[in-house]
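What follows is a single structure, written as structure tokens, with notes after it.
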Amino acid sequence: MAIWGKILGGVAGFAAGGPLGAIAGATLGHAIDSKKWAGNITENISGNSLKSRQTAFTVAVVVLSAKMAKADGHVTRDEISAFKDLFDIPENEMGDVGKLFNEARKDSAGFEPYARQIGSMFKNDQNVKESLLASLFQIALADGIIHQDEDKFLLEVANCFGLSDKDFNRIRSSFITSNKTDPYELLGVNRKMSDSEIKNIYRDLIRKNHPDVLIAQGMPQEFIDTANKKMASINAAYDLISKERSI
Numbered sequence: 003m004a005i006w007g008k009i010l011g012g013v014a015g016f017a018a019g020g021p022l023g024a025i026a027g028a029t030l031g032h033a034i035d036s037k038k039w040a041g042n043i044t045e046n047i048s049g050n051s052l053k054s055r056q057t058a059f060t061v062a063v064v065v066l067s068a069k070m071a072k073a074d075g076h077v078t079r080d081e082i083s084a085f086k087d088l089f090d091i092p093e094n095e096m097g098d099v100g101k102l103f104n105e106a107r108k109d110s111a112g113f114e115p116y117a118r119q120i121g122s123m124f125k126n127d128q129n130v131k132e133s134l135l136a137s138l139f140q141i142a143l144a145d146g147i148i149h150q151d152e153d154k155f156l157l158e159v160a161n162c163f164g165l166s167d168k169d170f171n172r173i174r175s176s177f178i179t180s181n182k183t184d185p186y187e188l189l190g191v192n193r194k195m196s197d198s199e200i201k202n203i204y205r206d207l208i209r210k211n212h213p214d215v216l217i218a219q220g221m222p223q224e225f226i227d228t229a230n231k232k233m234a235s236i237n238a239a240y241d242l243i244s245k246e247r248s249i
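Those letters in the sequence shown? Residues 3 to 249, per this note's numbering, in order.
This is the structure in structure tokens:
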């Protein structure tokens, strides 16, 4: 069964535990004791299995997209279409995904507890957190521009994930492209590095960001498009640097 059906059909609604599991359960109409999720976020994660991680990743994309829409003040038709197309949501699951989105949008809690849960759950898997952030960038950019409120929101989410400002700017650069876009920033390297240093970092990025690796770490198959776009961005940046340096 696809990840959307597993979560919203109730098979894995609570697999993530914590705030993400709670809001998924609330969407399904289950009674949730809010006090159960109070306290330290790391104590609220029920497990670190692949199913738990996939559930957390998927619910987080929906919930944080809703919180971003709330921060921005509106949801465009382009963003809805992009959400559906980018993440391979079956037509028969759109209703339930919409329920989760609306539940998160009207929820009085801020986005921080959900983002921090992802930060804890994927503490040692930075590339998965970066892929989730990249997914949010794709949604924000669906209407052709990342608005100021969205940009601020995404930076704060990155901080909750435990990503540095340098990490954020590198990911942001792959979406905010212009003639001034720096391939060195896209690759997370600097011009003072040697050719061999840059080549090693490039190879490490390709290895860590391979879709099969990310899926094994908890990114659901349905989000492979995000991983492929990230790989393409890494390759394009390295190609530009290689031509400049004649590597």
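Ideal placement from N, C-alpha and C gives every residue a C-beta, glycine not left out. Predicted model, so just to flag it, every value in this text is computed and none were measured.
- The residue among Q219, Y240, I243, F225 with its C-alpha nearest the C-alpha of K53 is Q219.
- Of the candidates L143, A238, A160, A160 places its Cα closest to the Cα of I120.
- A buried status is given to N129, since no fewer than 16 other beta-carbon atoms sit within 10 Å of its beta-carbon.
- At a Cβ-Cβ threshold of 7 Å, V64 and F103 count as neighbours.
- DSSP places S51 in the coil class of the three-state scheme, outside both helix and strand.
- If you check the CB distance, V191 and I178 do not come in under 7 Å.
- The shortest CA-to-CA distance from F113 to any of D184, L157, A136 is the one to L157.
- Here DSSP, grouped into helix, strand and coil, assigns F177 to coil.
- When secondary structure is reduced to three states using DSSP, T228 falls in the helix class.
- Straight across, the Cα-Cα distance linking E93 with R205 is about 38 Å.
- Apart from the 5 residues on each side of it in sequence, F163 sits with its Cβ closer than 7 Å to the Cβ of A117, I120, G121, K131, L135 in its chain, given in chain order.
- Counted as a single uninterrupted DSSP element, the alpha helix (DSSP H) harbouring T29 occupies residues 20-29.
- Using a 10 angstroms sphere on the CB of E246, the tally of other CB atoms stays under 16, which defines it as exposed.
- The beta carbon of S235 sits closer than 8 Å to those of S176, L188, all from its chain and outside the five residues before and after it, given in chain order.
- Taking C-beta atoms under 8 Å as the contact rule, A106 and K69 qualify, at a distance of about 6 Å.
- Secondary structure note for R205: its alpha helix (DSSP H) is the uninterrupted segment 197-210.
- In this structure, T57 sits away from K101, with a CB-CB distance that is not shorter than 7 Å.
- In the displayed model, F163 falls within a helix according to three-state DSSP.
- Under a 10 Å Cβ-count criterion, K232 is classified as buried, with 16 or more other Cβ atoms of the shown protein chains found around its own Cβ.
- The beta carbon of I217 lies closer than 7 Å to those of Q223 in the same chain, with the five residues before and after it left out.
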